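Student:
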Amino acid sequence: MTVTRIELLSQFVGQTVTLRGWVYDRTSKGKLHFLLMRDGSGIAQCVIFKGNVGEDVFQAFAAAGQESSIELVGTVKADARAPGGFEIDVQSGRVLQSAQNYPITPKEHGIEYLMEHRHLWLRSKKPWATMRVRHAVIMAIRNFFDERGFTCMDAPIFTPNACEGTSTLFEVPYFEQTAYLTQSGQLYAEAAAMALGRVYTFGPTFRAEKSKTRRHLTEFWMIEPEMAFATLDDVMTLAEDMLSSVVAHVLKTRRAELAVLERDVSKLEKIVTPFPRITYEEASRILLDHPDIKGTELAFKPGEDFGAPHETIISNLYDRPVMVHRYPAAIKAFYMKRDPADPTKCLSVDVLGSEGVGEIIGGSQREDDLALLLERIRHEKLPEEAFQWYLDLRRFGSVPHGGFGLGLERTVAWICGIEHVREAIPFPRTIYRLTP
RNA sequence: UCCCCGGUAGCUCAAUGGUAGAGCACCCGGCUGUUAACCGGGUUGUUGUAGGUUCGAGCCCUACCCGGGGAGCCA
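Quick note: to get my numbering, add 16 to the position in the first sequence (first position is 1).
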């Protein structure tokens, strides 16, 4: 007997197969059960006639609640009445474990309740589709870098100090010392780039900021490519190539999942290179004159960083991600290289996702001059001793280099059209959620 | 850390300061084409916690707990 998966049913029309999975939903009509079965790969309607399977099996399935684990043997039929177009005419089956009172019904639930039951909620259609897209995004990113000669070199998660010296970090005991959970692998990626040329890190990142917005998690996954012999333009080109390539891969391989998510794919089909590039100054002028915020509390103040409403205004001007570059050096990290054409600016770029989702990438060309970098570290009052190894990268064969950090959950949420990043990761960690 | 909103049945919600309700879920019965099935019957409460005002509090007041939305910070 052929054991198969629901996503492959179209290859087995007319044949008898075995399916293993769980009861997603059931409606019964006298001597007939319509059973929606899911197996992780999809959902199939299974028709159980009492006369075909016998009284005992029929009763067992009548008593099996939502999410009972089951095994069925039946013939695959094409039937327009079945969701998905195929159904199983069941000949025999058994209930492995009969579940009762499954907490998540096909009816509506609030987000708190669903998050409290995240370990079960993952079985529902929307999380299922989101996780399948997340996987496709991960694979697309890894393939993209692999094809371009990048080596994956992951950074440590325990670190001795703040990478950028700004965010609040999680402290953990580390034998006789205190360690911090990494907030960025970038400085390590720079060291790796000097060794391997083109590298990327792909790992978890931690921020102890008490953020409470749809864009923040305390634990999230970040991809940080770093290239030796690269300028800001090279960094921007890499970013747009990567994002467009990832979106194309998802469109090619995850159409069904995007349909479950009710995503407007025409919006995604517009994500092709080149992406618009505007300077911070140009963006500032747009914001200063924008009628929605001019003269309000949200009014943009020149020289300051963009707030969430500002990012939304800028990103809504375009049908694809927009790259805002050359921010004021004063509001950006110490390691970003100054713009030779205007030393008050730095060679940085933020990529704002389309449809108003905000920043999904932050990157820059790095300061490669030892003296200037040291001056920045002292000016920011960072612990100079802790940065000696980083300064070594400028003492021994310094070259122009740069890279960026991509937030995986923000990218997945953007592609899926999901409002909140907590739904773009299997088990989200937020300020008020450490369980399940 | 700051601002706003919420917490009532397993879930989603309603209830002018005056007897705590509905839909769904669940249980029993009926039905061989359901798609959020349908029809008949049934079960379901420490109104987040503690105190206060009042003849009387789910409702008003205070504190606390829990959560949601936003700001800041950032990916």
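Every residue gets a Cβ at the ideal spot worked out from N, C-alpha and C, and that includes glycine.
What you are looking at is a predicted structure, and each value in this text was computed from that prediction instead of being measured.
1. Could you pull out every residue in the same chain whose Cβ sits closer than 6 Å to the Cβ of residue 465, ignoring the five residues on either side in sequence?
2. If we ignore side chains and look at the alpha-carbon of each, how far apart do residue 389 and residue 395 end up?
3. Quick one: give me the first and last residue of the beta strand (DSSP E) that residue 44 is part of.
4. Report the rounded CA-to-CA distance for residue 174 versus residue 144, giving the unit in angstroms.
5. From the DSSP secondary-structure annotation, give me the bridge partner or partners of residue 417.
6. In this structure, does DSSP put residue 20 in helix, strand or coil?
7. Beta carbon of residue 187, beta carbon of residue 194: below 8 Å?
8. Under three-state DSSP, which class holds residue 143?
9. Leaving out the 5 sequence neighbours to the left and right, which residues in its chain are closer than 8 Å to residue 43 when beta-carbon positions are compared?
10. Going by alpha carbons, who is nearest to residue 112 out of 103, 146, 76?
11. With a floor of 4 residues, list each alpha helix (DSSP H) that falls wholly inside the region 49-123, ordered by position along the chain.
12. Using 8 Å as the Cβ pair cut-off and three pairs as the minimum, do the region 343-353 and the region 221-238 touch?
13. Using the C-alpha atoms, what's the distance from residue 54 back to residue 21?
14. As an exercise, report each continuous beta strand (DSSP E) stretch of at least 3 residues that is fully enclosed by the region 316-389, in chain order.
15. Return helix, strand or coil for residue 195, following the three-state DSSP convention.
16. Just mark residue 417 as buried or exposed, buried being the case when its beta carbon has 16 or more other beta carbons within 10 Å.
17. By the DSSP assignment, the alpha helix (DSSP H) with residue 134 in it spans what residues?
18. Could you give the residue range of the alpha helix (DSSP H) that holds residue 441?
19. Just list the alpha helix (DSSP H) runs in the region 236-317, keeping only unbroken ones of 4 residues or longer that don't cross its boundaries, in chain order.
20. At what residues does the alpha helix (DSSP H) containing residue 206 begin and finish?
21. Starting from residue 425, trace the beta strand (DSSP E) both ways and give me its first and last residue.
22. Considering only their Cβ atoms, is the gap separating residue 79 from residue 114 smaller than 8 Å?
23. For residue 217 versus residue 252, is the C-beta spacing smaller than 8 Å?
24. For residue 434, count neighbouring C-beta atoms within 10 Å of its own C-beta (all shown protein chains included) and say buried if the count is 16 or more, exposed if not.
25. Could you check which residue in 152, 307, 244 has the C-alpha nearest to that of residue 165?
Tutor: Reading off the structure:
1. In the structure as shown, the chain begins at 17 and stops at 452. Residue 465 is therefore absent and cannot be evaluated.
2. To locate residue 389, count along the first sequence from 1; it is residue 373. To locate residue 395, count along the first sequence from 1; it is residue 379. Computed Cα separation, rounded: 10 Å.
3. The count along the first sequence starts at 1 and reaches residue 44 at position 28. 32-45 is the extent of the beta strand (DSSP E) around residue 44.
4. Here the question's residue 174 lines up with position 158 in the first sequence. Here the question's residue 144 lines up with position 128 in the first sequence. Their backbone Cα atoms lie some 32 Å apart in a straight line.
5. Your numbering for residue 417 matches position 401 in the first sequence. According to DSSP, residue 417 bridges with 244.
6. For the purposes of this step, residue 20 is taken as residue 4 along the first sequence, with counting starting at 1. The answer is coil: DSSP assigns residue 20 none of H, G, I, E or B.
7. Within the first sequence, numbered from 1, the residue matching residue 187 stands at position 171. Within the first sequence, numbered from 1, the residue matching residue 194 stands at position 178. Yes; because the gap between Cβ atoms is below 8 Å, this pair is in contact.
8. Along the first sequence, read from residue 1 onward, the residue named residue 143 stands at position 127. Of the three classes helix, strand and coil, the one that applies to residue 143 here is helix, per DSSP.
9. Here residue 43 refers to the residue found at position 27 when the first sequence is read from its first residue. Answer for residue 43: 49, 50, listed in chain order.
10. As a position in the first sequence, residue 112 is number 96, starting the count at 1. It is 76.
11. 66-69, 71-79
12. no
13. To locate residue 21, count along the first sequence from 1; it is residue 5. To locate residue 54, count along the first sequence from 1; it is residue 38. In a straight line, the C-alpha of residue 21 is about 9 Å away from that of residue 54.
14. 338-341, 358-362, 364-369, 374-381
15. As a working mapping, residue 195 is identified with position 179 in the first sequence. In the structure shown, residue 195 sits in a strand (DSSP, three-state: E or B).
16. Working through the first sequence from its first residue, we reach residue 417 at position 401. It counts as buried.
17. As a position in the first sequence, residue 134 is number 118, starting the count at 1. Note, residue 134: alpha helix (DSSP H), 134-137.
18. What you label residue 441 is simply residue 425 of the first sequence in a count that begins at 1. Where residue 441 is concerned, there is no enclosing alpha helix (DSSP H), given that its DSSP letter is neither H nor E.
19. 248-269, 271-276, 281-285, 296-304
20. Here residue 206 refers to the residue found at position 190 of the first sequence. Unbroken alpha helix (DSSP H) run through residue 206: 202-212.
21. What you label residue 425 is simply residue 409 of the first sequence in a count that begins at 1. Element bounds for residue 425: not the beta strand (DSSP E) but the alpha helix (DSSP H), 424-432.
22. Counting from 1 along the first sequence, the entry for residue 114 is found at position 98. Counting from 1 along the first sequence, the entry for residue 79 is found at position 63. Contact: yes.
23. Locating residue 217 in the first sequence gives position 201, where the first residue counts as 1. Locating residue 252 in the first sequence gives position 236, where the first residue counts as 1. Against a cut-off of 8 Å, the Cβ pair of residue 252 and residue 217 comes out as no contact.
24. Looking up residue 434 in the first sequence gives position 418. The residue in question, residue 434, is buried, as its Cβ has 16 or more Cβ neighbours within 10 Å.
25. What you label residue 165 is simply residue 149 of the first sequence in a count that begins at 1. When only C-alpha atoms are compared, the closest one is 244.
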